[in-house]
Amino acid sequence: MVKKKSKLGDKLNLSLALSCDHKILAPVGWFKGAKKIISKALSKRTVVEINVALVSAATIKKFNHRYRHQNKITDVLSFTYLNSKKYLQGDVVICLSVARRQAHELGHSLKEELNALLVHGALHLLGHDHHTIKETKAMMKAESMILGTKRRLVS
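Read in order, the letters of the sequence shown are residues 31 to 185 in the numbering used here.
Rendered as structure tokens:
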């Protein structure tokens with residue numbers, strides 16, 4: 031497990047913790063850069079604690095089935111434990127094999143895809159969703175602003 035704590039300016043006290051399933055390794059250097067990107071999504075909070083887990087397809091399918099009643103593999107899941115004006119606490123679970131596939135399909139690096147999935151997960155922690163076209167457009171706009179790039183959807 032890797033822990034990253036920082037006090038960014040006077041506002042944000044950010045704590046990120048990374049864990050990985052057995053035999054899954056995070057890309058070298060990715061997690062250090064993730065802190066900077068994720069802080070853009072959380073600028074209005076004072077204290078943020080996010081646990082990030084990189085997991086296998088089998089693990090994310092099990093979580094997706096248990097918590098969302100969808101018996102299929104997905105790229106990212108988010109679990110919010112606390113979301114108030116000052117505090118945000120939750121988990122972001124990313125399937126590494128899906129992230130690899132999507133990075134290849136979209137023609138960018140695995141680190142870029144992991145950053146995009148982490149931002150997507152963090153936006154879910156903040157209450158964003160994509161059940162309607164309006165919600166999807168708003169979430170994609172927020173992702174693009176944070177990542178500094180236009181995000182394309184994968185099939």
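C-beta atoms are modelled at their ideal positions from N, C-alpha and C, and glycine is treated no differently.
### Inter-residue spacing [alpha-carbon to alpha-carbon] between K141 and L126
11 Å
### Contact set for N81: own chain, Cβ-Cβ below 6 Å, skip 5 residues either direction
Excluding positions up to five away in sequence, the list reads A47 and D121.
### Message
For Q119 and G157, what's the separation of their Cα atoms in angstroms?
### Response
12 Å
#### Entry: Helix, strand or coil at K35 [DSSP, three-state]
The predicted model places K35 with a pLDDT of 46, which falls under 50 and marks its position as unreliable, so this point remains unresolved.
#### Entry: From F109, Q132, T162 and I54, residue whose alpha carbon lies closest to that of H154
In terms of Cα proximity to H154, the closest of F109, Q132, T162 and I54 is F109.
### Query
Considering only residues of the stretch 44-71, which uninterrupted alpha helix (DSSP H) runs meet the minimum length of 4 residues and lie entirely inside it, listed in chain order?
Listed in chain order, they are 60-71.
### Query
Is the Cβ-Cβ distance between H160 and M169 less than 7 Å?
yes
### Message
So if DSSP puts N113 in a beta bridge, which residue, or which two residues, is it bridged to?
### Response
L118
### When E173, K116, N101 and Y117 are compared against L144, the one with the closest alpha-carbon
Residue nearest to L144 within the set E173, K116, N101 and Y117 is E173 (criterion: CA-CA distance).
### Close beta carbons around A8, own chain, < 6 Å, minus the five adjacent residues each side
Because the chain in this structure spans residues 31 to 185, residue 8 falls outside the shown range and cannot be described.
### Query
What do you get for S69, buried or exposed, if any count of 16 or more other CB atoms within 10 angstroms of its CB means buried?
buried
### Query
Looking at C-alpha atoms only, which residue of H138, D51 and T166 is the closest neighbour of S86?
D51
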